[in-house]
Ligand code: GTR
């Protein structure tokens with residue numbers, strides 16, 4: 123049962139997602155947010171996610187809440203609203219910005235238009251491998267990227283790895299000849315539109331929750347994601363060939379609303395930061411298991427895998443060079459990219 127636990131008032135809004143409904147949720151969210159900000163202890167911070175309750179991201183945020191509860195003697199806690207129940211990633215980021223929602227866990231793509239630094243770890247073929255990702259993103263460069271969220275009205279709490287994203291379609295993808303002309307879903311982000319455009323595909327940006335239907339109806343030929351999301355959302359039903367292009371390792375981010383953060387005591391803030399950091403190794407363990415499990419599950423479900431060894435990685439890397447130049451354009455971003463590349 124994946125149905126999220128909505129507060130009583132939110133049941134008023136339970137209908138298929140439409141624009142008026144989104145406004146209804148926003149208004150309710152704002153009302154609840156204000157009530158919370160004005161009320162005394164204890165506080166339950168609400169966090170949104172597009173994934174189901176048992177997905178590693180949600181388990182990690184729940185764990186963070188438990189750590190926070192321990193540190194504050196049961197005063198503060200976190201409640202996760204999964205399954206896009208509070209809206210798309212873009213919607214929930216907006217709610218966090220205005221302080222109508224306390225926290226959100228999204229892919230870094232959702233911040234690409236707001237925090238330029240968030241584009242850096244999504245750059246195609248930036249990381250040589252997982253070790254390179256971990257060394258930098260759980261290290262000084264990752265900390266710098268998280269710190270950059272502050273200017274935009276967010277407190278960057280943690281980054282979580284998300285494996286590598288690869289393309290899935292009805293046919294195998296081995297080289298640029300295969301991506302040419304594909305209607306390929308991307309996350310709503312200019313960087314992502316350019317990334318698949320550089321492969322000759324036609325980018326179709328849309329929220330995660332709509333991709334299943336997009337693939338089913340033929341609006342989309344293809345999408346791209348990691349194994350756990352490909353499995354969870356059952357995208358393999360209509361796009362059964364998963365080709366390990368591994369074109370980006372764009373991480374997940376966990377952020378807190380700066381508006382709400384500023385109402386907290388320094389002790390609470392420190393406890394939240396510490397609990398979020400503690401959730402990273404907890405997440406990584408769950409994620410590693412989930413990736414293997416999901417790969418097996420999609421194969422069982424009928425998916426065919428084109429292994430990385432069969433893919434013309436060189437051709438794709440070459441095609442993506444202009445994307446680096448276009449999005450890592452300022453001297454600061456260029457320096458950050460260079461620092462990551464130079465990390466051995
Ligand atoms: C997943 C990620 C989600 C969302 C989704 C998407 O890998 O965990 O936050 O970004 O991809 O493609 O929309």
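In the working numbering, the protein residues as written are 123 to 466.
We put the CB at the ideal spot given by N, CA and C, even for glycine.
Keep in mind it's a predicted model, so treat the numbers as computed, not measured.
Per DSSP, cross-strand counterpart(s) of residue i
i, result
"residue 376", "227, 280"
"residue 311", "Residue 311 pairs with nothing; no bridge assigned."
"residue 347", "288"
"residue 427", "364"
"residue 370", "287"
"residue 317", "Answer by DSSP bridge pairing: none, since residue 317 is not bridged."
"residue 170", "203, 226"
"residue 165", "198"
Buried or exposed (CB count within 10 angstroms, at least 16 for buried), residue i
i, result
"residue 365", "buried"
"residue 441", "buried"
"residue 250", "exposed"
"residue 180", "buried"
"residue 157", "Low local confidence applies: a pLDDT of 41 at residue 157 is under 50, so the model's placement there is unreliable, with the coordinate-based value given in what follows. Exposed, by the Cβ-count rule."
"residue 160", "At residue 160, the pLDDT of 37 sits below 50, so the modelled position is not reliable; the number obtained from the coordinates is stated separately. Classification for residue 160: exposed."
"residue 453", "exposed"
"residue 246", "buried"
"residue 263", "buried"
"residue 97", "This structure cannot settle anything about residue 97, because the visible part of the chain is limited to 123 through 466."
"residue 451", "exposed"
"residue 464", "exposed"
"residue 413", "buried"
"residue 326", "buried"
"residue 385", "exposed"
"residue 265", "exposed"
**Q.** Cβ contact (3+ pairs, closer than 8 Å) linking the segment 250-257 and the segment 321-336
**A.** no
Q) Does the count of Cβ pairs from the segment 228-247 and the segment 373-386 closer than 8 Å reach three? A) yes
Q: Determine contact between the segment 400-412 and the segment 277-296, defined as no fewer than three beta-carbon pairs at a distance below 8 Å.
A: yes
Q | Cβ pair count under 8 Å reaching 3, the segment 316-327 against the segment 415-434 | A | no
Q) Does the segment 234-243 come close enough to the segment 264-272 that 3 or more CB-CB pairs lie under 8 Å? A) yes
Q: May I ask you to verify whether the segment 171-189 touches the segment 301-309, counting CB pairs closer than 8 Å and requiring at least 3?
A: no
Q. Which runs of the beta strand (DSSP E), 3 residues or longer, sit entirely within the segment 183-214?
A. 198-203
(Q) Measuring CB atoms only, is the segment 377-390 touching the segment 213-220, in the sense that at least three cross pairs come out at less than 8 Å? (A) yes
Q) Are the segment 286-299 and the segment 345-353 touching by the rule of at least three beta carbon pairs closer than 8 Å? A) yes
Q) Counting pairs of beta carbons, one from the segment 293-301 and one from the segment 419-439, are three or more of them closer than 8 Å? A) yes
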